[in-house]
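Numbering (the working numbering), first residue to last: 20 to 480. Everything on this sheet refers to the single structure shown next.
Written as structure tokens, this is what we have:
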């Protein structure tokens, strides 16, 4: 059953809340005494909650109510109001989704409520339902440029330890989390529907595709900023924000910052996975002849990530630690090695796509002898090789179950766990022969110990 959507005018309580909207909006331009703002805004959030979520017959909040809540979310200068408005918007999104699936017959049917409110204002109102809204009342909404600028602000704030910056950084991270969840709520039902119908239009009109396809967003720079966020948040979580002393932030703000660092990390990974899936769908649609020049062109995100990690190897370790999704983590590692794979002089149907054919087993074979390992380290840093091999082996150890992701990762292994373990130990031995002073990290030592132990155990079985 589709979610209940009572007409806003049908609920008598809406009238009083709607009358307060202009007062709330006026407060953002300084008309209201600042001493009363916090209480007024908190009361307004509770009133919207009562209208949209409480009671037996809640009604859809008006567009102006949504706007006011979203402006409080971005401009409250209060952690309490930021979190309260975030949770309210999330709950309203679940109660009144813009895109959802419903079961009519044997296949799920995609329902798109185009008049629903959205925090995004994109293109010709394709994805936001903002027709007729005045420019002054839509400045708080997000187009592609503003979404990109948000990631830039988050990267800059991560390097600032001031108390005011700490609060603003939290607000930006919560905002980014909300926007990514909104993208996810729009994209996932469309992805499911596309698998059933192969209707490219469903994906073409997704908020994510419109957002990333805009000329206002420089995609490579956007991905680079997201990688920086991933790396910075990973380091800060590992250090338990040790760089931010108690004199910089009070204890409650420090705790909140750590929690939202974790959530921001999850949000960046979710965004990356969505874009990877979008690129795969686009590739399939291209092959089927469903796309046109009007759909535009941009580099697939995996290519952009690979380029950034190749030329900025300082990002490699924190990225691989943070990016824990087995299938795509292994794919990125194999794509990295494929840059140094010796290409066959004779091209066959099977060798047309060497990146696709590369497996963990064949990557390890690049280091199977001292001579081959020496040839590899002439092209890539041996420390990078060790790091990539250790993370690839970690993925092989974690592959379990019958999920499609686990099955895909298992195919990319290319050999049994015993064979992988033996070749992993051999690869490290050969790298050691080339350079006896090579440094091995604790993570790599643990992987090597596990491989040696597992090899002995599996050989004795």
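Note that the Cβ used here is the ideal one computed from N, Cα and C, for glycine as well.
{"query": "So what does residue 127 bridge to, in DSSP terms?", "result": "122"}
{"query": "Going by the beta-carbon positions, is the gap between residue 80 and residue 111 smaller than 8 angstroms?", "result": "yes"}
{"query": "For residue 96, which of helix, strand or coil comes out of DSSP?", "result": "coil"}
{"query": "Starting from residue 219, trace the alpha helix (DSSP H) in both directions and tell me its first and last residue.", "result": "219-223"}
{"query": "How is residue 78 classed by DSSP in three states: helix, strand or coil?", "result": "strand"}
{"query": "Hey, is the region 209-227 in contact with the region 298-312, meaning 3+ C-beta pairs nearer than 8 angstroms?", "result": "yes"}
{"query": "Measuring alpha carbon to alpha carbon, tell me which residue in 376, 430, 165 and 173 is nearest residue 235.", "result": "165"}
{"query": "Sort 199, 298 and 400 by Cα distance to residue 457 and report the nearest one.", "result": "400"}
{"query": "With DSSP collapsed to three states, give me the class of residue 238.", "result": "helix"}
{"query": "Any idea which residues DSSP pairs residue 139 with across the strands?", "result": "161"}
{"query": "Quick test of the definition: if touching needs 3 or more C-beta pairs under 8 angstroms, does the region 278-295 touch the region 187-201?", "result": "yes"}
{"query": "Taking the runs of the alpha helix (DSSP H) that are 4 residues or longer, which of them lie wholly in the region 287-339?", "result": "320-330"}
{"query": "Taking 8 angstroms as the cut-off, decide whether the C-beta atoms of residue 163 and residue 230 are in contact.", "result": "yes"}
{"query": "Run through DSSP, which three-state label would residue 233 get?", "result": "coil"}
{"query": "In whole angstroms, give me the CA-to-CA distance for residue 427 and residue 57.", "result": "51 angstroms"}
{"query": "Output the distance between the C-alpha atoms of residue 114 and residue 211, rounded to the nearest integer angstrom.", "result": "20 angstroms"}
{"query": "Alpha carbon to alpha carbon, how far is residue 95 from residue 483? Give it in angstroms, no decimals.", "result": "Beyond the ends of the chain as shown, which are 20 and 480, falls residue 483; an answer cannot be given."}
{"query": "Where does residue 74 land, buried or exposed, given buried means 16+ other C-beta within 10 angstroms?", "result": "exposed"}
{"query": "For residue 356, report the span of its alpha helix (DSSP H) as first-last.", "result": "345-357"}
{"query": "May I ask which residues mark the beginning and end of the alpha helix (DSSP H) holding residue 417?", "result": "401-417"}
{"query": "Can you give me the C-alpha to C-alpha distance between residue 433 and residue 477, rounded to a whole angstrom?", "result": "18 angstroms"}
{"query": "Are the beta-carbon atoms of residue 409 and residue 440 separated by less than 8 angstroms?", "result": "no"}
{"query": "May I ask you to report which of helix, strand or coil DSSP gives residue 447?", "result": "helix"}
{"query": "For residue 213, which option in 172, 301, 233 and 100 has the closest C-alpha, if you only look at C-alpha atoms?", "result": "301"}
{"query": "For residue 62, does the count of other Cβ atoms within 10 angstroms reach 16, so buried, or fall short, so exposed?", "result": "exposed"}
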